[in-house]
Amino acid sequence: MDGITVNIDRRRDLLLVVDPQNDFCPGGALAVPEGDQIFGPVNKLLPRFDNIGVTQDWHPPGHSSFASSYPGKRAYDTIELTYGTQVLWPDHCVQGTRGADFHPAAELTRAQVIIRKGFHRELDSYSAFFENDRKTATGLAGYLKERGIERIVLAGLAYDFCVLWSAQDARRLGFDVVVVTDACRAIDLEGSAQAATVSLRDIGATLTDSHHFD
Ligand code: VGL
Ligand code: ZN
């Protein structure tokens, strides 16, 4: 496990850094345990890639994924929305707030595309490609196809939500997928981190760590 060597192809590969934002790091509104530990591996990988994308969770106040939008509900409860089961989160990554900003440790100046997601009030978006209805596109797939990208190398937060869902959609869209496990951290709700690893293997994603890039 975690030992497969990946040869970077600067033309066809894109490094996608998922939601490297203050609110997902220690001290943030939806802090992922050790979330800030990803930046060592992420910053080591960034110079190795010519094609770099970033996603930014970007919710309006009162977003439908916030527990505070439902009287009587608490964070981490679930509800049924039109598109299926939705975990309710603490208010996080509210548009224009410091919590929604990229973490200062992330060296993202060479990123060429920033995809904001989760900005429709009634619809959450974990994946970089589609919102949680799995139909509303973010536009990233078209961008990548026009740029000739064939493989997505994923790092970021959170492993078991936005990274996982991005990997699933990327595979469905025909991209090869590599997940850099030490450049990710999980929220881990009821075993979701382990379940994510099983799903990633299932869909044919390559799991490796940042030491195994050639
Ligand atoms: C995420 C929960 C809510 C993530 C975003 O980035 O994984 N998780 N919003
Ligand atoms: Zn969110």
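Numbering (my numbering), first residue to last: 204 to 417.
Ideal placement from N, C-alpha and C gives every residue a C-beta, glycine not left out.
Suppose contacts are defined by Cβ-Cβ distances below 7 Å. Is residue i in contact with residue j by that definition?
i: residue 321; j: residue 330; result: no
i: residue 366; j: residue 409; result: no
i: residue 361; j: residue 245; result: no
i: residue 208; j: residue 379; result: no
i: residue 363; j: residue 314; result: no
i: residue 332; j: residue 347; result: no
i: residue 354; j: residue 406; result: no
i: residue 350; j: residue 238; result: no
i: residue 233; j: residue 226; result: yes
Can you tell me whether residue i is helix, strand or coil according to DSSP?
i: residue 241; result: helix
i: residue 218; result: strand
i: residue 360; result: strand
i: residue 322; result: coil
i: residue 340; result: strand
i: residue 235; result: coil
i: residue 406; result: coil
i: residue 299; result: coil
i: residue 305; result: strand
i: residue 223; result: coil
By how many angstroms is the C-alpha of residue j removed from the C-alpha of residue i?
i: residue 204; j: residue 359; result: Caution applies to residue 204, whose pLDDT of 49 falls short of 50 and renders its modelled position unreliable; the model cannot decide the point.
i: residue 415; j: residue 336; result: 35 Å
i: residue 297; j: residue 217; result: 27 Å
i: residue 312; j: residue 257; result: 11 Å
i: residue 240; j: residue 302; result: 17 Å
How is the alpha helix (DSSP H) around residue i delimited, first residue to last?
i: residue 343; result: 343 to 349
For the beta strand (DSSP E) containing residue i, list its first residue and its last residue.
i: residue 409; result: 409 to 411
Scan the stretch 366 to 397 and note each continuous alpha helix (DSSP H) run of 4 residues or more that stays entirely inside, going in chain order.
-> 367 to 375
Whole runs of the beta strand (DSSP E) within the stretch 259 to 291, excluding any shorter than 3 residues | 281 to 284, 287 to 290
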